[in-house]
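Chemist: The working numbering puts the first residue of the sequence shown at 1341, with every later residue one more than the last. Cβ coordinates follow ideal geometry from the N, Cα and C atoms, glycine included. Only a predicted model underlies this, so the values are computations on that prediction, with no experimental measurement involved.
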Amino acid sequence: MKVCVIGAVVVFEKCDEIGGTWVYREETGMDKYGLGVHTSTYQGLQTNLPKELMGFPDFPITIGEKSFITAEQVQNFHHIYADYFDLKKHIKLLHCVLVVEPYAEKQWKITTKDLVNNNNFTTTFDFVFVCNGINHSPHIPIYCGQDKFLGKQFHSHEYRKKDIFRNERVLIVGAGASAVDLINYAKEMAAFIAQSYHGGTINFFTLHNSVKRYPEIDHFTSEEVIFSDGSKENFSMVVYCTGYRYNFPFLSAACGITTKRNELVSPLWQHCINIHRPTMAFIGLCHFVMASQIMDIQNRFVLKFFTGHNSLPSREEMLRSEAYEIARRIKRGIRKIHYLGVSYLDQYQKDLARLADIKPLSPAVIRIFRLMQKIAENDFLNMRNNNFMILNNFKYVWVRNWALKFGVDLWEFGRQFTKMDIIRGRYKEYDVDVVRKDGILLLREMAAEVKNFMDFKMNAVMSFFIYDDFPTAGALSSCDVAPREAQ
Ligand SMILES: Cc1cc2nc3c(=O)[nH]c(=O)nc-3n(C[C@H](O)[C@H](O)[C@H](O)COP(=O)(O)OP(=O)(O)OC[C@H]3O[C@@H](n4cnc5c(N)ncnc54)[C@H](O)[C@@H]3O)c2cc1C
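See the structure below:
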């Protein structure tokens, strides 16, 4: 069968720039068009995943020397990507989607506001991809007396600069990545910092030893916060790092999609296809994933069905599959159905690949993701000192905490080695292309040489690994593990 796709792809983007949450904006609250400011990026934000996991399978991020990069560098990558694939001509900036509703038998009517000219217009489409993000509508828990509290209260979505903490008595609520980051900033400025968390959240908080810890908030008085164990403390500022809720204000009821806070968007097949109207897809709902890698495979999955290459299962089958998935999670105490994490992510992407007959994600990428989870749990504060290099589909190099522990500039070290002829012979061992950027020797090339060098000079002070499998727990808990043989 030959399939011809006639028509145009249009992307409506309400902001004046591509990049979504990675676009830094000083403003918070409402923008000049009366819309909520979308971005949650703050000054100094660095990625919490290595860039090796944040590019797309066919277009990796090569910006920056180290694995953990800044929000600005991620944003630059978006422009490089869009330019390379000539996507900008499809993107209508400053166009806010107001209403999405079914039209005729299988089409969609989209009402959009042209923000600059202040006029609304409608367009019909055959397919709709909902990609409005999951980090823009704050989830703030409700507590008794919260409205009587005289100090400042805001969500991490509104946080921009550390100055705001100056001389304040700050309570950070939550224990995820944003909470840890904001505690770090607050530590430099605040008069006092405490953290409140409830059980079950990721154990990052144990790393902030100088921060006073409290259990969950019970209630507020005008100046104090009273915690669930009866303890209390005086605060002038409370920052909620309590995550986001799903929000699709533009979906009409006829789309057939319901959302439950930050727990569920339903009914969806494989977290993305609208079961009631399977010409609508949601991309990027899943949490605790490598967002761009998963979004890429979700897109490839959906396109197989939207272009008619594959047929969808029956509506009943898709509903059964969703119900099974929800029940499976709830049985394990997981109410947030789209929270994948390490344990579900690999199975999920393999399922997508199998169901649509598409290429799964690279095993090396999955392995680094799994390793990063361990690293983050063990040492979140220093995790950004780890560096990775993907050698091929299966193998990667992990250079652990080099710069931090020994004050050696890994990349300077790399540059030194570029000069050595011996490398040219060495990297032939690897069945991969040599990637050079700005004359900098990348880890791929360094692998053999560093190991060689270490063997006689630095064995005791550095951990260096080439893996084709997940390292053992022992390797993670010790800092002077002998290097393994390159495979
Ligand atoms: C502080 C922070 C740190 C993060 N760090 C990492 C990290 O290190 N690594 C990682 O992989 N992920 C990280 N994430 C997750 C990050 O959100 C995803 O990586 C990724 O940006 C999600 O992309 P997206 O396109 O789905 O959503 P977004 O980036 O949120 O983009 C959605 C786009 O939709 C537009 N839009 C929304 N509503 C409308 C409408 N009605 N009409 C028109 N346009 C609309 C928005 O303006 C926006 O441009 C982080 C998130 C936050 C908040």
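Say yes only if the C-beta of Met1723 is nearer than 7 Å to one or more non-hydrogen atoms of ligand 1, and no if none qualify.
Modeler: Checking every heavy atom of ligand 1 against the Cβ of Met1723, none is found closer than 7 Å.
Chemist: In the DSSP assignment, find the unbroken beta strand (DSSP E) run with Asp1558 in it and report its ends.
Modeler: Segment 1557–1560, the beta strand (DSSP E) holding Asp1558.
Chemist: Tell me whether the beta-carbon of Leu1295 lies closer than 8 Å to the beta-carbon of Phe1590.
Modeler: Residue 1295 lies beyond the stretch modelled for the chain, which goes from 1341 to 1827, so this question has no answer here.
Chemist: Less than 6 Å between C-beta atoms, sequence neighbours within five positions excluded: which residues of the same chain meet that for Asn1475?
Modeler: Around Asn1475: Thr1361, Ser1380, Tyr1584.
Chemist: Please work out which residues of its chain come closer than 7 Å, Cβ to Cβ, to Phe1628, disregarding the five sequence neighbours upstream and downstream, and give them in chain order.
Modeler: These residues qualify, in order along the chain: Tyr1679, Leu1680, Gly1681.
Chemist: Is the number of C-beta pairs between the stretch 1500–1510 and the stretch 1520–1530 that are closer than 8 Å three or more?
Modeler: Yes, the stretch 1500–1510 touches the stretch 1520–1530.
Chemist: For Gly1473, which residues from the same chain have a beta carbon less than 8 Å from its beta carbon, with the 5 sequence-adjacent residues on both sides left out?
Modeler: The residues are Gly1360, Thr1361, His1378, Gly1624.
Chemist: What I want to know is whether the C-beta of Gly1360 ends up closer than 7 Å to one or more non-hydrogen atoms of ligand 1.
Modeler: Gly1360: yes, Cβ under 7 Å from ligand 1.
Chemist: At 3 residues or longer, what runs of the beta strand (DSSP E) sit wholly inside the stretch 1591–1622?
Modeler: Taking only runs of at least 3 residues, the beta strand (DSSP E) segments lying wholly in the stretch 1591–1622 are 1598–1600, 1604–1606, 1620–1622.
Chemist: For the pair the stretch 1629–1636 and the stretch 1564–1579, tell me if three or more CB-CB distances fall below 8 Å.
Modeler: Touching, no.
Chemist: Span of the beta strand (DSSP E) holding Tyr1443?
Modeler: Segment 1435–1443, the beta strand (DSSP E) holding Tyr1443.
Chemist: Rounded to a whole number of angstroms, what is the C-alpha to C-alpha distance between Lys1449 and Phe1588?
Modeler: In a straight line, the C-alpha of Lys1449 is about 16 Å away from that of Phe1588.
Chemist: Taking 7 Å as the cut-off, is the CB of Glu1353 close to at least one heavy atom of ligand 1?
Modeler: Yes, Cβ of Glu1353 sits closer than 7 Å to a heavy atom of ligand 1.
Chemist: With Tyr1499 and Ile1557 assumed to form a contact (beta carbons below 8 Å), what rounded beta-carbon distance in angstroms separates them?
Modeler: Rounded, the Cβ-Cβ distance is 19 Å, inconsistent with contact.
Chemist: Less than 7 Å separating the Cβ of Leu1389 from some heavy atom of ligand 1?
Modeler: Correct: Leu1389 has its Cβ closer than 7 Å to ligand 1.
Chemist: Please report the distance separating the alpha-carbon of Lys1488 from that of Thr1561.
Modeler: Cα-Cα distance, rounded: 6 Å.
Chemist: Going by DSSP, what residues sit across from Met1370 in a beta bridge?
Modeler: Partner(s): Gly1376.
Chemist: Leu1685: which of Arg1710, Ala1517, Lys1676 sits nearest, CA to CA?
Modeler: Closest option to Leu1685, Cα to Cα, is Arg1710.
Chemist: To the nearest angstrom, report how far apart Lys1828 and Leu1659 are at their CA atoms.
Modeler: With the chain covering 1341 to 1827 only, the question about residue 1828 has no answer from this structure.
Chemist: Taking its Cβ as the centre, do 16 or more other Cβ atoms sit within 10 Å of Val1470, making it buried, or is it exposed?
Modeler: So Val1470 counts as buried.
Chemist: Can you say whether Val1349 is buried or exposed, counting buried as having 16 or more other CB atoms within 10 angstroms of its CB?
Modeler: Per the 10 Å Cβ criterion, exposed.
Chemist: May I ask you to report which of helix, strand or coil DSSP gives Asn1727?
Modeler: Residue state, collapsed to three classes: strand.
Chemist: Report the three-state DSSP secondary structure of Asp1454 (helix, strand or coil).
Modeler: DSSP places Asp1454 in strand when its eight states are reduced to three.
Chemist: In chain order, what residues of the same chain lie with their CB nearer than 7 Å to the CB of Asn1574, ignoring the 5 residues before and after it?
Modeler: For Asn1574, where only same-chain residues beyond five positions count, the Cβ hits under 7 Å are Arg1509, Glu1563, Glu1564.
Chemist: Just how far apart, CA to CA, sit Leu1643 and Leu1695?
Modeler: Cα to Cα, the separation comes out at about 12 Å.
Chemist: Report the residue from Lys1354, Phe1646, Met1723, Lys1671 whose alpha carbon sits nearest the alpha carbon of Leu1433.
Modeler: The shortest C-alpha separation from Leu1433 is found at Lys1354.
Chemist: Does DSSP put Lys1354 in a helix, in a strand, or in coil?
Modeler: Coil.
Chemist: Within its chain, find whatever has a CB closer than 6 Å to the CB of Lys1446; leave out the 5 residues flanking it on each side and keep chain order.
Modeler: Thr1619, listed in sequence order.
Chemist: Could you check the C-alpha separation between Gly1485 and Thr1582 for me, to the nearest Å?
Modeler: In a straight line, the C-alpha of Gly1485 is about 18 Å away from that of Thr1582.
Chemist: What residue range does the alpha helix (DSSP H) around Gln1535 cover?
Modeler: Segment 1532–1536 is the beta strand (DSSP E) holding Gln1535; no alpha helix (DSSP H) there.
Chemist: In terms of residues, what are the limits of the alpha helix (DSSP H) holding Tyr1664?
Modeler: Note, Tyr1664: alpha helix (DSSP H), 1655–1671.
Chemist: Taking the straight line between their C-alpha atoms, what separation do you get for Thr1452 and Pro1555?
Modeler: Those two C-alpha atoms are separated by around 45 Å.
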